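Participant: My structure is below; once you've seen it, I'll send some questions.
Protein chains: 2
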Amino acid sequence: MVVYENPLDDSFKKPLVAVDMVIFTIKDDALKVILVKRAIPPFKGKWAIPGGFVKINESLEEAAKRELMEEAGVDEVYLEQLYTFGEPKRDPRGRVISVSYFALVNSSGINLKASTDATEAEFFSAYNLPELAFDHEKILKYALQRLKWKMEYTTVAFSLLPEKFTLTELQNAYEIVFHKKFDERNFRKKILALGMIKDTGELRGGLSHRPAKLYAFKKKIGEIFEIL
Amino acid sequence: MVVYENPLDDSFKKPLVAVDMVIFTIKDDALKVILVKRAIPPFKGKWAIPGGFVKINESLEEAAKRELMEEAGVDEVYLEQLYTFGEPKRDPRGRVISVSYFALVNSSGINLKASTDATEAEFFSAYNLPELAFDHEKILKYALQRLKWKMEYTTVAFSLLPEKFTLTELQNAYEIVFHKKFDERNFRKKILALGMIKDTGELRGGLSHRPAKLYAFKKKIGEIFEIL
DNA sequence: ACAAAAGTGTTGAGAGTACACCCATGC
DNA sequence: GCATGGGTGTACTCTCAACACTTTTGT
Chain R
60 MVVYENPLDD SFKKPLVAVD MVIFTIKDDA LKVILVKRAI PPFKGKWAIP
110 GGFVKINESL EEAAKRELME EAGVDEVYLE QLYTFGEPKR DPRGRVISVS
160 YFALVNSSGI NLKASTDATE AEFFSAYNLP ELAFDHEKIL KYALQRLKWK
210 MEYTTVAFSL LPEKFTLTEL QNAYEIVFHK KFDERNFRKK ILALGMIKDT
260 GELRGGLSHR PAKLYAFKKK IGEIFEIL
Chain D
60 MVVYENPLDD SFKKPLVAVD MVIFTIKDDA LKVILVKRAI PPFKGKWAIP
110 GGFVKINESL EEAAKRELME EAGVDEVYLE QLYTFGEPKR DPRGRVISVS
160 YFALVNSSGI NLKASTDATE AEFFSAYNLP ELAFDHEKIL KYALQRLKWK
210 MEYTTVAFSL LPEKFTLTEL QNAYEIVFHK KFDERNFRKK ILALGMIKDT
260 GELRGGLSHR PAKLYAFKKK IGEIFEIL
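First to last, the protein sequences are chains R and D.
228 is the number that our numbering gives to position 169 of the first sequence; each next residue is one higher, with no gaps.
287 is the number that our numbering gives to position 228 of the second sequence; each next residue is one higher, with no gaps.
Below you can see the structure in the form of structure tokens.
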């Protein structure tokens, strides 16, 4: 019934596969996403999330890490596959399947670079985005939903912070992502009860108020929860 | 720095994209998965999860639904994208990226068919699988984990049952998936408290014991929870 | 009347939420 | 000594888990 096609010779029509990266960070007390301005058509001049084609000999995750390095100059991040978007018409040039990833980065390590096919790279507030190329708005909304979920049920928040941080800084990260305030006492109680951070014994002083204890995450990023 | 390649002409090396389907159902009081025996190399004669290449003009979800129809003859199912596996060496023939889906089906609607590249299709207990081709064991483990998660936090279980069902049948479905017993009273209380099912007024009688009330799900499959 | 599954309520423990004051430092 | 953010405890509510007996039908 189905005509047998040999899909592995190159006469067979294949889609292209790209990785697209939603890179979140906290900067200036807001949740930011990195966007690039497209230097080439289609959507030339429009903002898009950074991405690129997967090379024939690299894994998807390698491609994602390569893009992350090319666009943001970072390698120590939380990285997770988000979803694969494959509508035939999502790219006007032809069939491109996009495997999207989302990354959480501590903003102090970021070094924005415009890559080959972009004129600029910039941070945008995740809650106040410009018009985006392709179906990238959909990807971003999806990523934001997933971020909130992950923050609520896992410990990914630590990836947004430096190695040592105060409980107030941690709480700020949560409040920024969720766009709401939490009760200090309950927040601290809960975080401490989770047993995932330890007191380093150090203090952050030099400010004109009581110095805050510095905490550190007990395990390396990614080892904690493997909820998928 | 990066040489500009035009990825959209066909001289560029592209991976192939396949969809692979983990199809779960409950049959004979066990959680089953549909596997097919491969008729062609590589892994000829080995069991694999059903799947096929994505056609150039169909979306990923369309490809998944097409495979589901070809292999199991069903169309009313819960269907969800699982993960995209893209290790360069996962298929010995060349680069094949697999977008995996998982499906939940009521076994009474299934009509197994061996497709073009398989000699047989069969149900296997999800907790007692044969050796599998490619990286399909990894895909299946991942799917099982996701299934449990979804059953715990959403209402996908209803997709495993007929339209009308008794509370005992629903509880059986949960016990089969989780491989453990639940307390009847607490289970019923919780399900009823969720407010997602309604009493149809009908009874399942004809058995030599007290007849059970038949319930139905209030909403159509897929409309309930959009947790991702 | 008996076998077989359906159906039903209460209690205790733990988690989450709400809420207000003292503490340590720099200036 | 005052301004600034850091740090702490208790009471109430609600959810979850444990637990055993009565009801309805067919034979």
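Positions of the beta carbon are idealized from the N, C-alpha and C atoms, including for glycine.
The structure presented is a predicted model; accordingly, all values stated were derived computationally and were not measured.
For the ligand ATP, I want to know if Glu117 of chain D counts as a neighbour, meaning its beta carbon is within less than 8 Å of at least one of the ligand's heavy atoms.
Facilitator: The ligand ATP is absent from the structure shown, which contains no ligand whatsoever.
Participant: With DSSP collapsed to three states, give me the class of Lys105 of chain D.
Facilitator: Correct three-state label for Lys105 of chain D: coil.
Participant: When the Cα atoms are used, what is the spatial distance from Thr227 of chain R to Arg205 of chain R?
Facilitator: Taking the straight line from one Cα to the other gives about 24 Å.
Participant: Are the CB atoms of Pro74 of chain R and Ile169 of chain R nearer to each other than 9 Å?
Facilitator: No; because the gap between Cβ atoms is not below 9 Å, this pair is not in contact.
Participant: Short of 7 Å in beta carbon distance, which residues of its chain neighbour Thr259 of chain R, apart from the five on each side in sequence? Order them along the chain.
Facilitator: So the list reads Lys223, Leu273, Tyr274, Ala275, once near-sequence residues are dropped.
Participant: Which of the residues in the region 72-86 of chain R, read from start to end, lie with their CB under 7 Å from any CB of chain D?
Facilitator: Under the 7 Å Cβ criterion, the region 72-86 of chain R contributes Lys72, Lys73, Pro74, Leu75, Val76.
Participant: Could you name the residues of chain D that Leu119 of chain R contacts, counting a contact when the two beta carbons are closer than 9 Å?
Facilitator: Result: Thr143, Phe144, Gly145, Glu146, Ile156.
Participant: Thinking C-alpha only, which one of D:Ala77, D:Gly111, D:Leu219, D:Tyr201 is nearest Ala173 of chain D?
Facilitator: For the residues D:Ala77, D:Gly111, D:Leu219, D:Tyr201, the minimum Cα distance to Ala173 of chain D belongs to D:Gly111.
Participant: Which term fits Pro101 of chain D, buried or exposed, when burial requires 16 or more other beta carbons within 10 angstroms of its beta carbon?
Facilitator: Under this definition Pro101 of chain D is an exposed residue.
Participant: So with Cβ pairs under 9 Å, would you call Ile169 of chain D a contact of chain R?
Facilitator: It does not; no Cβ of chain R falls within 9 Å.
Participant: Could you tell me which residues DSSP pairs with Met80 of chain R in its beta bridges?
Facilitator: DSSP, once it has assigned bridges, lists R:Tyr160 as partnering Met80 of chain R.
Participant: Where are the alpha helix (DSSP H) runs, 4 residues long or more, that stay fully inside the region 114-181 of chain D, in chain order?
Facilitator: Complete alpha helix (DSSP H) runs here, min 4: 119-131.
Participant: Can you give me the Cβ contacts of Arg149 of chain D inside the same chain, cut-off strictly under 8 Å, excluding the 5 residues immediately before and after it?
Facilitator: Same-chain partners within the cutoff: Val155, Ser157, Phe193, Asp194.
Participant: Could you please tell me which residues of the region 98-118 of chain D, in chain order, have their CB closer than 8 Å to any CB of chain R?
Facilitator: So the close ones are Phe112, Val113, Ile115, Asn116, Glu117, Ser118.
Participant: Measure how close the beta-carbons of Leu90 of chain R and Val236 of chain R come, nearest whole angstrom, since I'm counting them as under 8 Å.
Facilitator: Yes, Leu90 of chain R and Val236 of chain R are in contact; Cβ-Cβ is about 6 Å, under 8 Å.
Participant: Give me, in chain order, the residues of the same chain whose beta-carbon lies closer than 6 Å to that of Glu282 of chain R; leave out the 5 immediate sequence neighbours on both sides.
Facilitator: Because Glu282 of chain R carries a pLDDT of 43, less than 50, the predicted location of this residue cannot be relied on, and the following value inherits that uncertainty. Closer than 6 Å at the Cβ level, and outside the excluded window around Glu282 of chain R, lies no residue.
Participant: Can you name the start and end residues of the alpha helix (DSSP H) that Lys248 of chain D belongs to?
Facilitator: First-last of the alpha helix (DSSP H) with Lys248 of chain D: 243-253.
Participant: So, helix, strand or coil for Leu219 of chain R, using DSSP?
Facilitator: In this structure, Leu219 of chain R counts as helix in the three-state DSSP scheme.
Participant: For Leu253 of chain R, collect the residues of the same chain with a Cβ closer than 8 Å to its Cβ; drop the 5 residues on either side in sequence, then sort them by chain order.
Facilitator: Cβ neighbours of Leu253 of chain R beyond the five flanking positions: Thr214.
Participant: If you draw a straight line from the C-alpha of Pro109 of chain R to the C-alpha of Asp87 of chain R, how long is it?
Facilitator: Roughly 21 Å between the two C-alpha positions.
Participant: Note down, in chain order, each residue of its chain lying with its Cβ closer than 8 Å to the Cβ of Leu262 of chain D, except the 5 sequence neighbours on either side.
Facilitator: Pro270, Ala271, Lys272, Leu273, listed in sequence order.
Participant: Which class does Arg263 of chain D belong to by DSSP, given the choice of helix, strand or coil?
Facilitator: Looking at Arg263 of chain D - three-state DSSP - the assignment turns out to be strand.
Participant: Would you mind reading off the limits of the alpha helix (DSSP H) that contains Ala232 of chain D?
Facilitator: Taken as a continuous stretch (DSSP letters only), the alpha helix (DSSP H) holding Ala232 of chain D covers 226-237.
Participant: For Thr178 of chain R, which residues of its own chain have a beta-carbon under 6 Å away from its beta-carbon, when the five flanking residues on both sides are left out?
Facilitator: Counting only Cβ-Cβ distances below 6 Å, and skipping sequence neighbours, we find Lys96, Ala98.
Participant: Using only the alpha-carbon positions, how far apart do Met255 of chain R and Lys72 of chain D sit?
Facilitator: Cα to Cα, Met255 of chain R sits roughly 45 Å from Lys72 of chain D.
Participant: On a CA-only basis, which of D:Met210, D:Arg247, D:Pro221, D:Lys103 is nearest Pro151 of chain D? Give me that one, please.
Facilitator: Closest by alpha carbon: D:Lys103.
Participant: Arg205 of chain R lies in the alpha helix (DSSP H); which residues open and close that run?
Facilitator: It spans 195-212 - the alpha helix (DSSP H) in which Arg205 of chain R sits, taken as one unbroken run.
Participant: Is the Cβ-Cβ distance between Leu188 of chain D and Glu196 of chain D less than 9 Å?
Facilitator: Result yes, Cβ atoms of Leu188 of chain D and Glu196 of chain D sit closer than 9 Å.
Participant: Cα separation between Gln140 of chain R and Lys105 of chain R?
Facilitator: Near 25 Å, if we compare the C-alpha coordinates of Lys105 of chain R and Gln140 of chain R.
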